[in-house]
Every structure is written in structure tokens, then in C-alpha cells.
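Residue numbers (the working numbering): 821 to 1025.
Every residue, glycine too, gets a C-beta built ideally from N, C-alpha and C.
The structure displayed is predicted, hence computed values, not measured ones.
Here the structure is laid out as C-alpha cells; the discussion comes afterwards.
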Amino acid sequence: MSRITLYTNPLSRGRIARWMLEETGAEYETRILTYNGTMKEPEYLAINAMGKVPTIVHDGKVVTECAAICAYLADAFPEAGLAPPPADRASYYRWLFFAAGPLEAAVVNRTFGFEVPPERERAVGYGNFEHVMDALDQWLSENPFIAGDSFTAADVYVGAQINWGMQFGTVDKRASFAAYAERISTRPAFIRATGLDDAAAAEMA
């Protein structure tokens, strides 16, 4: 039997990794780490030198970064049906990396008050915040899920960012985003993962 350990904090991007694990149906152990505490201790730094979460360890193999964790788990547990066939992965890969690059960068920069000067947009991978929102809006206005007609691991990663962003005002509340968020947030795995993380957060408080 595969052995999986999830290193996380319920108030972190670790919620994405937990949701993905719940989607796979795989059994896993959870280790809750604390900011500026156990995340920075030698034992964990030996696993993830960045001292951040999430990290998964699967049969001794370490995977960090949420997009990588989602893609890895989809491949490690193909019976869950969370990745399209290899020949049909163009949109799947496109939007996974879009969310890990342009979307993440645009949202973080906007949150911390950094705006790209118009004359410098071509030097920045995402151009500007509105370009990112418009590209994602157009796609989700035409497709029910990130890779097309079916839910995949890409929806875990992109969907979590849209859900979180609209909740905290870092992503525009556009009609396509709201409809998409409603579709994915009714999934049993999302509900289970949210309940587990909310309970862990309450216990930590």
C-alpha cells in the first residue's frame, strides 16, 4: 500500500493539496506544521528546504508546489480519473501552468500594491492584472471545467485560487468565476477537505 504524508497548515495553500488528496481517494497521514515554528525546524527543512507548505511525501518521494502536487497525484492514482489522456492534455497543462505563473504572480503583485507600468508590461510574464482576469474569464465562459468538459486536477489548483481569491477580494467576482466556483465547490472531496481543514484551524486557535 502506498504511504503518503501531507505536511500542511490549514491556513495555507496546503488546503489545495488536501483537496487533491481527497479527490484521489488515497489514504494519507496529515502533519500540521506551524509558521515560524515547526516549518523552520531542521527535521522539516530536510524535507523541504524552503520551510513552507504544502509538501507531500509518497513512498519516500518528495513533491512540493501545489501545481506539481496536483499533477503528480493525478498520475500516481490514475484510477481517480483526474487527468485527461496524454493526447488530450493541452488545456490541462496550459491552465495548470497559467495559474502557477501569470495568475499567481498577478494576484500577489496586486495584493501587495505593485502595478506594472504600462511601458514595462512586455517585460512581465503576465502583462497586467486585467489581461490575466480576461484570459481566464474568456476560457471559463466557454468551458465548464479547466480541461474542457470534465473535472480534473487542474480544476483543483485553478479552482482553489479562484475560490480563495473571490473570498478575499484578490480575484474579480466575474459571472464566469462565480458559476465555476459553484460547480466545483459542491464536490464531495472539496466538502470533506474543507471540513478537515476548518476543524484543524479551529483546534489550532
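Taking all protein chains shown into account, decide if residue i is buried (16 or more other Cβ within 10 angstroms of its Cβ) or exposed.
i    : result
D975 : buried
Q987 : exposed
L882 : The question names Leu, but residue 882 is Val in the sequence shown. Under this definition V882 is an exposed residue.
V936 : buried
R942 : exposed
By DSSP, does residue i sit in helix, in strand, or in coil?
i    : result
Y912 : helix
V873 : coil
E847 : coil
Which two residues bound the contiguous alpha helix (DSSP H) that contains residue i?
i    : result
I867 : Taken as a continuous stretch (DSSP letters only), I867 belongs to no alpha helix (DSSP H), as it is neither H nor E.
T950 : Note that residue 950 corresponds to Glu in the displayed sequence, not to Thr. That run of the alpha helix (DSSP H) goes 949-962.
T931 : 924-931
P904 : Where P904 is concerned, there is no enclosing alpha helix (DSSP H), given that its DSSP letter is neither H nor E.
Between which two residues does the beta strand (DSSP E) harbouring residue i extend?
i    : result
L826 : 824-828
Do residue i and residue j have their C-beta atoms closer together than 8 Å?
i     : j    : result
G921  : G945 : yes
A903  : A973 : yes
I1011 : F997 : no
R835  : A980 : yes
C886  : R930 : no
A925  : I889 : no
Looking only at DSSP bridge pairs, what is residue i linked to?
i    : result
G880 : BP columns for G880 are empty, so no partner.
F965 : G968
I852 : T828
Got a sec: does the ligand NAP put a non-hydrogen atom nearer than 7 Å to the Cβ of residue i?
i    : result
G871 : Judged by which ligands are present, the structure shown has none, so any question about the ligand NAP falls away.
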